[in-house]
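See below for the structure under consideration.
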Ligand code: DON
């Protein structure tokens, strides 16, 4: 692995600069108004190996919010809190082929259960399963989990992004009320309270190195190699990585699996968390998004790395 890391170090800057140009083929997300301020042409990456060597390039010091990347870890926390049976009574295990915020299948396909936990409807259902006696306690439990995974006890949500999403989330609100009507959100669940926790976990501020460390835990089957602690049971890591491969890049997941061939999860802030199983955790940021909601330059960079380093699992 040392030789591989050396090769990576010597080429990474060049690959980042080559991928950066793809930012012009996309747009920064603006449906959450606060996200529109992100630097369109930024591109950064951090790669962490199990010995703790961090390789970074480009604008890896950029801060951005986790957005949908947080859904991987709320899924895992819900599995740890409630077990597989309860979780999969609320969400399915299949990709949709639809946009991440689509409500089409909630009405079209009985029994109105979201197809998977990584689309917005599924993630909102998952958030409702997190244990805690109040929305504040649930948020605190999620933050604590994210802090342990990232090794940074100061991790927190970004107040401006949270407020911006809360004020404009008409579509997520309608999805959540739909779920309530379909009894995916149960009688005791207050829709606005679940949404509040969801907006906060989507708004957690990170840098590429945080995502790299969180991804490294997944790459090592739930063990944080840097502290030696088991943070996640192996079975739940398996479930999370499978979903990342099948639906982590939304309805571009098939193409990404063919071109890159490893589990990844994107967010509308332009972040991507990628896992090279048994090897590396990777965090990428590139705020310019393609039509499917994935970072144009970030996807190009990860596909380049896969080709150059032979990282496809297949
Ligand atoms: O709910 C939303 O729309 C955002 N908080 C998260 C969506 C997202 O990141 C989809 N990503 N590609």
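Numbering (my numbering), first residue to last: 9 to 322.
Just so you know, even glycine gets a beta-carbon here, dropped at the ideal spot from N, CA and C.
When you measure from the CB of residue 108 to every non-hydrogen atom of the ligand DON, does any distance come out below 7 Å?
Indexing the chain shown from 1 puts residue 108 at position 100. Residue 108 has its CB nearer than 7 Å to a heavy atom of the ligand DON.
Which same chain residues end up closer than 6 Å to residue 201 when comparing Cβ atoms and leaving out the 5 residues on each side of it in sequence?
As a working mapping, residue 201 is identified with position 193 in the chain shown. Cβ neighbours of residue 201 beyond the five flanking positions: 143.
What are the uninterrupted segments assigned as alpha helix (DSSP H) that are 4 or more residues long and contained completely in the region 20-102, given in chain order?
As far as the region 20-102 is concerned, its whole alpha helix (DSSP H) runs of at least 4 residues are 78-98.
Would residue 75 and residue 217 qualify as a contact pair, given that the criterion is a beta-carbon distance under 8 Å?
Residue 75 sits at position 67 when you count from the first residue of the chain shown. Residue 217 sits at position 209 when you count from the first residue of the chain shown. The Cβ atoms of residue 75 and residue 217 do not sit closer than 8 Å to each other.
Residues of its chain near residue 126, where Cβ-Cβ distance is below 6 Å and the 5 sequence neighbours each way are ignored
Position 118 of the chain shown holds residue 126. If we look at residue 126 and ignore the five residues flanking it on each side, its Cβ neighbours are 79, 251, 255.
So which of 62, 165, 161, 322 has the shortest CA-CA distance to residue 373?
Nothing in the structure corresponds to residue 373, since the chain is present only between 9 and 322.
Cβ separation of residue 249 and residue 226, assumed to be a contact under 8 Å, to the nearest whole Å:
One-based indexing of the chain shown puts residue 249 at position 241. One-based indexing of the chain shown puts residue 226 at position 218. The Cβ separation is near 6 Å, so the contact holds.
Do the region 277-294 and the region 46-55 meet, that is, are 3 or more Cβ pairs less than 8 Å apart?
In the pairwise beta carbon analysis, the region 277-294 is classified as touching the region 46-55: at least three pairs are separated by under 8 Å.
If you run the structure through DSSP and keep just helix, strand and coil, what is residue 280?
Taking the first residue of the chain shown as 1, we reach residue 280 at position 272. If DSSP states are grouped into helix, strand and coil, residue 280 belongs with the strands.
Fully enclosed by the region 213-264, which alpha helix (DSSP H) runs are 4 residues long or longer?
Taking only runs of at least 4 residues, the alpha helix (DSSP H) segments lying wholly in the region 213-264 are 216-227, 242-255.
Using a Cβ-based criterion (distance less than 7 Å to any ligand heavy atom), does residue 75 qualify as near the ligand DON?
Numbered from 1 along the chain shown, position 67 holds the residue referred to as residue 75. It does: the Cβ of residue 75 is within 7 Å (strictly closer) of some heavy atom of the ligand DON.
How about the region 82-97 and the region 297-315: do they share at least three Cβ pairs that are nearer than 8 Å?
Too few Cβ pairs lie closer than 8 Å, so no.
Could you give the uninterrupted runs of the alpha helix (DSSP H) lying entirely in the region 100-175, keeping only those of 4 residues or more?
The DSSP assignment places complete alpha helix (DSSP H) segments of no fewer than 4 residues inside the region 100-175 at 112-116, 128-135, 143-158, in order along the chain.
Simplified DSSP state of residue 273, which is helix, strand or coil
What you label residue 273 is simply residue 265 of the chain shown in a count that begins at 1. The three-state secondary structure of residue 273, taken from DSSP, is strand.
Closer than 7 Å: residue 301 CB and nearest the ligand DON heavy atom:
As a first step, residue 301 is located in the chain shown; it is residue number 293 there, counting from the start. Because some heavy atom of the ligand DON lies under 7 Å away, the Cβ of residue 301 counts as near it: yes.
Report the rounded CA-to-CA distance for residue 289 versus residue 22, giving the unit in angstroms.
Mapped onto the chain shown, residue 289 falls at position 281. Mapped onto the chain shown, residue 22 falls at position 14. Taken atom to atom, the span from the alpha-carbon of residue 289 to that of residue 22 is near 20 Å.
Buried or exposed, going by whether 16 or more other CB atoms sit within 10 Å of the CB of residue 147?
By 1-based counting over the chain shown, the position of residue 147 is 139. Residue 147 should be labelled buried.
Buried versus exposed call for residue 173 [16 or more other C-beta atoms within 10 Å across all chains shown]:
By 1-based counting over the chain shown, the position of residue 173 is 165. Residue 173 comes out buried.
What number of angstroms, rounded off, separates the C-alpha of residue 184 from the C-alpha of residue 99?
Taking the chain shown and counting its residues from 1, one reaches residue 184 at position 176. Taking the chain shown and counting its residues from 1, one reaches residue 99 at position 91. Spanning the two alpha carbons is a distance of roughly 13 Å.
Reduced DSSP category for residue 193 - H, G, I as helix; E, B as strand; rest coil
Counting from 1 along the chain shown, the entry for residue 193 is found at position 185. Annotated three-state conformation of residue 193 is coil, per DSSP.
Relative to the C-alpha of residue 68, which candidate in 229, 269, 220 has its C-alpha closest?
What you label residue 68 is simply residue 60 of the chain shown in a count that begins at 1. Per the C-alpha coordinates, the member of 229, 269, 220 positioned closest to residue 68 is 220.
Pull up the distance between the alpha-carbon of residue 241 and that of residue 83, whole angstroms please.
Position 233 of the chain shown, counting from 1, holds the residue named residue 241. Position 75 of the chain shown, counting from 1, holds the residue named residue 83. Pairing residue 241 with residue 83, the inter-Cα distance amounts to about 13 Å.
Would you identify the three-state DSSP class for residue 306, choosing helix, strand or coil?
For the purposes of this step, residue 306 is taken as residue 298 along the chain shown, with counting starting at 1. Shown here, residue 306 sits in a helix according to DSSP, grouped into three states.
Drop a sphere of 10 angstroms on the beta-carbon of residue 237, count the other beta-carbons inside from all chains shown, and report buried for 16 or more, exposed for fewer.
On the chain shown, residue 237 is found 229 positions in, with the first residue counted as 1. Exposed, since its Cβ has fewer than 16 Cβ neighbours within 10 Å.
Could you check the C-alpha separation between residue 109 and residue 11 for me, to the nearest Å?
Here residue 109 corresponds to residue number 101 of the chain shown, with the count starting at 1. Here residue 11 corresponds to residue number 3 of the chain shown, with the count starting at 1. Their backbone Cα atoms lie some 42 Å apart in a straight line.
With respect to 7 Å, is the separation between the Cβ of residue 210 and the closest non-hydrogen atom of the ligand DON below this value?
Within the chain shown, residue 210 is the residue found at index 202, counting from 1. Indeed, a heavy atom of the ligand DON lies less than 7 Å from the Cβ.
Give the range of the beta strand (DSSP E) segment to which residue 291 is assigned.
Within the chain shown, numbered from 1, the residue matching residue 291 stands at position 283. Segment 288-293, the beta strand (DSSP E) holding residue 291.
Measuring alpha carbon to alpha carbon, tell me which of 222, 121, 239, 156 ends up nearest residue 323.
In the structure displayed, the chain extends from 9 to 322; residue 323 sits before or after that span and is not available.
By DSSP's criteria, residue 297 is part of a beta bridge. Which residues make up the other side?
For the purposes of this step, residue 297 is taken as the residue at position 289 of the chain shown. DSSP lists 35, 303 as partners of residue 297.
Hey, how far is the Cα of residue 262 from the Cα of residue 35?
The count along the chain shown starts at 1 and reaches residue 262 at position 254. The count along the chain shown starts at 1 and reaches residue 35 at position 27. Looking at the two C-alpha atoms, the distance is approximately 22 Å.
Report buried or exposed for residue 73, applying the criterion of at least 16 other Cβ atoms within 10 angstroms of its Cβ.
On the chain shown, position 65 is the one that residue 73 refers to. Within 10 angstroms of the beta-carbon of residue 73 lie 16 or more other beta-carbons, which makes it buried.
Give the single residue among 85, 123, 113, 90 whose Cα lies nearest to the Cα of residue 103.
Residue mapping note: residue 103 aligns to position 95 of the chain shown, counting from 1. If you compare the alpha carbons of 85, 123, 113, 90 with that of residue 103, the shortest gap goes to 123.
Give the straight-line distance between the Cα atoms of residue 229 and residue 239, rounded to the nearest whole angstrom.
Translated into positions along the chain shown, residue 229 becomes position 221. Translated into positions along the chain shown, residue 239 becomes position 231. So the two alpha carbons sit approximately 9 Å from each other.
Could you tell me which of 258, 223, 56, 243 sits nearest to residue 9, measuring between CA atoms?
In the chain shown, the residue the question calls residue 9 occupies position 1. Measuring from the Cα of residue 9, the nearest candidate turns out to be 56.
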